[in-house]
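Sequence positions in the sequence shown follow mature numbering (1 follows the signal peptide of the UniProt record, and there is no 0) and run -24 to -1, 1 to 287.
Every residue gets a Cβ at the ideal spot worked out from N, C-alpha and C, and that includes glycine.
Data block below; observations after.
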Amino acid sequence: MRRFVLFIPMMIAVAVMLAACSEAAVVTQPRLVAQSTVEPESVSFPTAVPTVTIIRPTQEVQSPLENITVEAEFILVTPTLPPSKTPTLTPTITPSPTVTPSPTQPVTSTATTFLLPTSEIVALTAPAQQPIPRVCDSTWFFIEPRPASCPLNPPLASQGVYQTFQNGYMVWVGSQDAIYVLYNDSLHPRWQVFRDYFNEGMPEDSSQFTAAPQAGLWQPRRGFGMLWRGNTDVRNRIGWATLEWEQPYSVQTQTSNDGSIFFNTPTGAVFTLLPGNVEWRNMTVAGGGLPPIYGSQPTPNNGLAPIYPTP
């Protein structure tokens, strides 16, 4: 009896579950859901018989599954399908419209114009480095222009004679007893020096050369005349004297360590005679005289030989 009492609530629960899981046809007649056989045993019955109130269901849920009746000591529960999961919506990707590029017009390259600078860059000339003046043991007898070399000795002053010619000069230096001849042409040698062989009492001039080729020209006298008359090469190169008489004065001479000879004139000029007879310069004239002429010094055909012939 106790099993039966427990069976009723279980049947009601099963009926409710079937009604929730499936759509059952509504029937108007009662239907046997399950049946079990209880074997008789000795039990103590209560003194009062309980009253069983049958509650009829208003609706009966009919399962679409086949009913199976099993005789057993347990309650058969008809399996039901598990509730289906709620489908998850997968988002649909909507493709964005593709933009078709519009055709572009071809670009035509234009000629490139090179821009030139508007201002011209002027190169700056760096100032020339000034040479440091050399300290010499001796000083030059003249101030400007100063030679780059140093003098070998202090200046030597002596009696001198000076005379100009058509194509050069003659200078006699008493301390050397020598006559320097300087030519203004472009032949070699540019200058020569000769020993003065004139002595007092000798003829100063010659009647052979009293007739000058033109006015304003004269034959030289004394030592200059003796050299001029006796040396044809000197006479032909230097020409006639342009002064009637030679000019005596105090001459100063100096020699540099490179062999150059310096002496002054009565006009204030300084003559520089470079070694080897290759050139002489008038220090008071821009450019220092004529350009140098190189070569060997010829031996004169007649007259006096130079004091310092070039080998």
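For residue i, the three-state DSSP class (helix, strand or coil)
{"i": "residue 140", "result": "strand"}
{"i": "residue 202", "result": "helix"}
{"i": "residue 193", "result": "coil"}
{"i": "residue -8", "result": "helix"}
{"i": "residue 119", "result": "coil"}
{"i": "residue 146", "result": "strand"}
{"i": "residue 157", "result": "strand"}
{"i": "residue 239", "result": "strand"}
{"i": "residue 258", "result": "strand"}
{"i": "residue 232", "result": "strand"}
{"i": "residue 184", "result": "helix"}
{"i": "residue -15", "result": "helix"}
Classification of residue i by the beta-carbon crowding that lies within 10 angstroms, buried from 16 upward
{"i": "residue 172", "result": "buried"}
{"i": "residue 196", "result": "buried"}
{"i": "residue 235", "result": "exposed"}
{"i": "residue 232", "result": "buried"}
{"i": "residue 127", "result": "buried"}
{"i": "residue 120", "result": "exposed"}
{"i": "residue 122", "result": "exposed"}
{"i": "residue 111", "result": "exposed"}
{"i": "residue 76", "result": "exposed"}
{"i": "residue 135", "result": "exposed"}
{"i": "residue 214", "result": "buried"}
{"i": "residue 229", "result": "buried"}
{"i": "residue 184", "result": "exposed"}
{"i": "residue -12", "result": "exposed"}
{"i": "residue 129", "result": "exposed"}
{"i": "residue -14", "result": "exposed"}
{"i": "residue -17", "result": "exposed"}
{"i": "residue 223", "result": "exposed"}
{"i": "residue 100", "result": "exposed"}
{"i": "residue 163", "result": "exposed"}
{"i": "residue 189", "result": "exposed"}
{"i": "residue 165", "result": "buried"}
{"i": "residue 212", "result": "exposed"}
{"i": "residue 263", "result": "Unreliable placement is indicated for residue 263, whose pLDDT of 43 sits below 50; no coordinate value is reported for it."}
Residue span of the beta strand (DSSP E) that contains residue i, given as start and end
{"i": "residue 169", "result": "167 to 171"}
For residue i, the first and last residue of its enclosing alpha helix (DSSP H)
{"i": "residue 248", "result": "Here residue 248 belongs to no alpha helix (DSSP H); instead the beta strand (DSSP E) covers 246 to 249."}
{"i": "residue 212", "result": "208 to 214"}
Check: residue i C-beta below 7 Å from any heavy atom of the ligand SAM
{"i": "residue 185", "result": "Judged by which ligands are present, the structure shown has none, so any question about the ligand SAM falls away."}
Would you be able to state if there are at least three C-beta pairs under 8 Å between the region 109 to 124 and the region 157 to 177?
no
Is there contact between the region 212 to 221 and the region 132 to 150, where contact requires at least three CB pairs shorter than 8 Å?
yes
Would you call the region 184 to 196 and the region 241 to 250 touching, i.e. three or more CB-CB distances under 8 Å?
no
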